[in-house]
Amino acid sequence: MKQLAARVLVALIAIPILVNLVLYGRFMLVAFVSVLTALGFWEFMKMTQTRIQFFPHVLVFICLIATNWFVYYYGESALLYSLLAGFLIVTFSAVFRRDVATASNRIVFTLFGLFYVSLFNFFILVRETDLLKYSDYKEAGVWILFVFAVIWICDTAAYFIGTPLGKHKMSPMVSPNKSWEGFAAGMIFGTVTGWAFSFLALKDIPIHQLLIAAFTISLVGQLGDLVESIFKRRFGVKDSSNIIPGHGGVLDRFDSLLYAMPALYFLLLVLVYR
């Protein structure tokens, strides 16, 4: 009961703040994404039991946060160059390790953590760059709220329908509680949410494009949730951290969004604003 109360309280405080950050963007949104990126990387290193050291981890921290701002100013090309810099930092650091087995594990987990949390940059790419040529600046913010809504409805439907009705396990070794029935419910309700947005917002976007976007986001989001579950299962942890009362960690709250936002970005480029 206390955990539920904490979840509701945090949601009531966080949602209005998040909506304002998304709609009005600019520097505060980038700063917020930088906080998420830093916390996400720290959580992943902690979850995978990787000891944080100055070389490479602190340097990767700096690289990740700098990337957020480079992406804001220079767009998607900055993400590619920053990832290359992070890759070089991580791999060169392994040269100075005495234990080859430890060094190889550190490379694998640190590199995955680097690329994984770098997906937060797509919040900035969708919101702040002019690549998509929005007719209205706030329209980009509405697209992000679109993703939030689809993921939230998808996850909620998957849980409340899959829990009582789920008979066929989707991936029992990774997430024993997830079922194909819950997955299907999430897909249906998530896609319907996209249809609803044609009446609530994004009225100028053809309905079939919103349905394609919502279907893809629902699919990618649920699979993204399973990706984090692999690591939590492997290392025997329930949550990536307890930094958000009642919700676990940053990665627990944003695991689906980390995959859904890049999917939205590419859909906007090739389908909606081509």
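With this note's numbering, the residue at position 162 of the sequence shown is 162, and numbering never jumps. The beta carbon of each residue, even a glycine, is placed where N, CA and C say it ideally should be.
Classification of isoleucine 319 by the beta-carbon crowding that lies within 10 angstroms, buried from 16 upward: Any answer about residue 319 is impossible in this case: the structure gives the chain only from 1 up to 274.
Contacting residues, own chain, Cβ-Cβ under 7 Å from isoleucine 151 (five flanking each side not counted): These residues qualify, in order along the chain: Ile217, Gly221, Ser256, Leu257, Ala260.
Paired residues, beta bridge with lysine 169 - DSSP: Answer is Ser179.
Collapsed DSSP secondary structure at glycine 221 in the structure displayed: helix
Backbone secondary structure at isoleucine 205 - three-state DSSP: Three-state DSSP puts isoleucine 205 in coil, outside helix and strand.
Threonine 67, enclosing alpha helix (DSSP H) - first and last residue: 59-74
For threonine 163 and asparagine 177, the rounded distance between their alpha carbons: 7 Å
Buried or exposed by the 16-neighbour rule on C-beta atoms within 10 Å, applied to valine 58: Valine 58 is exposed by the Cβ-count criterion.
For glycine 248, three-class secondary structure by DSSP: Residue state, collapsed to three classes: strand.
Contact the segment 108-128 vs the segment 59-75: 3+ CB pairs below 8 Å: yes
Best match in Val142, Ser229, Ala158 for proximity to aspartate 252 [C-alpha to C-alpha]: Ser229
Neighbourhood of glycine 40 by C-beta, 6 Å cutoff - its chain only, sequence neighbours within 5 removed: Excluding residues within five positions, the ones whose Cβ falls inside 6 Å are Val117, Val250, Leu251.
Rounded straight-line distance, which links the Cα of threonine 193 to that of methionine 47: 33 Å
From Arg106, Phe92, Arg26, Asn20, residue whose alpha carbon lies closest to that of methionine 45: With distances taken between CA atoms, methionine 45 lies nearest to Arg106 out of Arg106, Phe92, Arg26, Asn20.
Residue burial classification, valine 71 (beta-carbon count within 10 angstroms, cutoff 16): buried
Reduced DSSP category for arginine 234 - H, G, I as helix; E, B as strand; rest coil: helix
Member of Ala158, Ile244, Phe123, Phe189 whose CA lies at the smallest distance from the CA of valine 142: Phe123
Opening and closing residue of the alpha helix (DSSP H) in which threonine 37 lies: 26-47
Bounding residues of the alpha helix (DSSP H) (the contiguous stretch that carries asparagine 242): Segment: none, asparagine 242 is in no alpha helix (DSSP H) and carries neither H nor E.
Alpha-carbon to alpha-carbon, valine 126 and tyrosine 73: 13 Å
Cβ shell of isoleucine 243 (< 6 Å), same chain only, five flanking positions each side left out: Within its own chain, the residues whose Cβ lies closer than 6 Å to the Cβ of isoleucine 243, once the five positions on either side in sequence are excluded, are Gly249, listed in chain order.
Distance between beta carbons of methionine 170 and phenylalanine 183, contact taken as under 8 Å: 6 Å
Residue nearest to phenylalanine 120 in terms of C-alpha spacing, selected from Gly25, Leu226, Thr37, Gly236: Thr37
Cβ-Cβ separation, alanine 158 to alanine 196 (assumed contact under 8 Å), whole Å: About 18 Å separates the two Cβ atoms, so there is no contact after all.
Residues near serine 93 in its chain [Cβ-Cβ closer than 7 Å; skip 5 each side]: Phe55, Pro56
N- and C-terminal bounds of the alpha helix (DSSP H) containing valine 126: 121-128
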